[in-house]
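*Asks:* Pasting a structure below so you can have a look.
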DNA sequence: CTCGGATCTGGAGCGCGCTCCAGGTCAAGG
DNA sequence: CCTTGACCTGGAGCGCGCTCCAGATCCGAG
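Protein chains in written order, with my numbering: chain F, 67 to 181; chain D, 67 to 181.
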């Protein structure tokens, strides 16, 4: 199975090497497998997961949120627990969307005023 | 015309006194009028503007964005300049909404999976 | 075998957005 | 007056999320 060097993984995910190591240290990804010499070897699965993390980071989730996300999905939680957690996150995101819409409304007013 | 003390203004806007002073120092609000003794006296207009600032902060705009926002709306820019700026901000917000929707989509998948 | 570029680790540094603190001033009640 | 509490200023401190650095190690090309 082919694996990716840190540089390639960084390139493919758009996340810097430093940030990849930071995410791994914080438990958001990995642990990433190592070669005999100690270098990281990213699998396609790792890349996929990094994509998910990036997606959530872009949506404004913090590192602690994501750590919790990983913990909930990986460890021994009931499906119910997971659904509860996921719904909470979803609801927080809805509120962020609502805040954005409010601000966009204000912008629209101003735009209309100056047009 | 009745004015508000810092504590009252903080209470009414939900923004802490320290943050109000910080916003003023950064040029996001005010300058706030002072009493003979040097204390701040917030007008209803100030409170309204603080509400706008809060709305944009909640939508994720940074301090620098807001400073620019104030500058654009207050100083000698053409309506065209203002509209260009406002549309840029709006478009950035739309992208944030899109990022949120992507993440919510992922969450929905997981929720469906565990339900 | 040697060289150079990629990677490793631990830790320092940084920009943002507050938040807190010390030391002093103002003003209303007693 | 004097006390008390809200407020003032300048500046330090903090949590977050990276980002950068030094010094060592690995490894493929020549």
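A virtual CB, placed ideally from N, CA and C, is assigned to each residue, including glycine.
Helix, strand or coil, according to DSSP, for residue 105 of chain D in the structure here?
*Replies:* coil
*Asks:* Is it the case that the Cβ atoms of residue 98 of chain F and residue 112 of chain F are separated by a distance below 8 Å?
*Replies:* yes
*Asks:* Taking residue 125 of chain F as the query, report the chain D residues whose CB atoms sit under 8 Å from its CB, ordered along the chain.
*Replies:* Result: 165, 166, 168, 169 and 170.
*Asks:* On the DSSP bridge list, what partners appear for residue 155 of chain F?
*Replies:* None, per the DSSP bridge assignment.
*Asks:* At the level of alpha carbons, what is the spacing between residue 139 of chain F and residue 148 of chain F?
*Replies:* 7 Å
*Asks:* Based on DSSP bridge pairs, tell me the residues matched to residue 132 of chain D.
*Replies:* Bridge partners of residue 132 of chain D: none, in fact.
*Asks:* Give the secondary structure of residue 139 of chain F by DSSP, where H, G and I count as helix, E and B as strand, and everything else as coil.
*Replies:* helix
*Asks:* Taking DSSP as the reference, what is the three-state secondary structure of residue 118 of chain D?
*Replies:* In the three-state reduction of the DSSP assignment, residue 118 of chain D falls in the helix class.
*Asks:* Would a check of beta-carbon distances place residue 67 of chain F closer than 8 Å to chain D?
*Replies:* no
*Asks:* Return helix, strand or coil for residue 166 of chain F, following the three-state DSSP convention.
*Replies:* helix
*Asks:* Applying the criterion that 16 or more other CB atoms from any shown protein chain within 10 Å of the CB defines a buried residue, is residue 114 of chain F buried or exposed?
*Replies:* exposed
*Asks:* Suppose the cutoff is 7 Å on Cβ atoms and the five residues either side in sequence are ignored; what does the same chain contact list for residue 119 of chain F look like?
*Replies:* Cβ neighbours of residue 119 of chain F beyond the five flanking positions: 89, 94, 95 and 132.
*Asks:* Going by C-alpha to C-alpha distance, which of F:156, F:157 and F:170 sits closest to residue 155 of chain D?
*Replies:* F:170
*Asks:* Please state if the CB of residue 163 of chain F and the CB of residue 127 of chain D are separated by a distance shorter than 8 Å.
*Replies:* no
*Asks:* Residues in the stretch 83-115 of chain F with C-beta within 8 Å of chain D's C-beta atoms, listed in sequence order?
*Replies:* The residues in question: there are none.
*Asks:* Which of the three DSSP states, helix, strand or coil, is assigned to residue 173 of chain D?
*Replies:* helix
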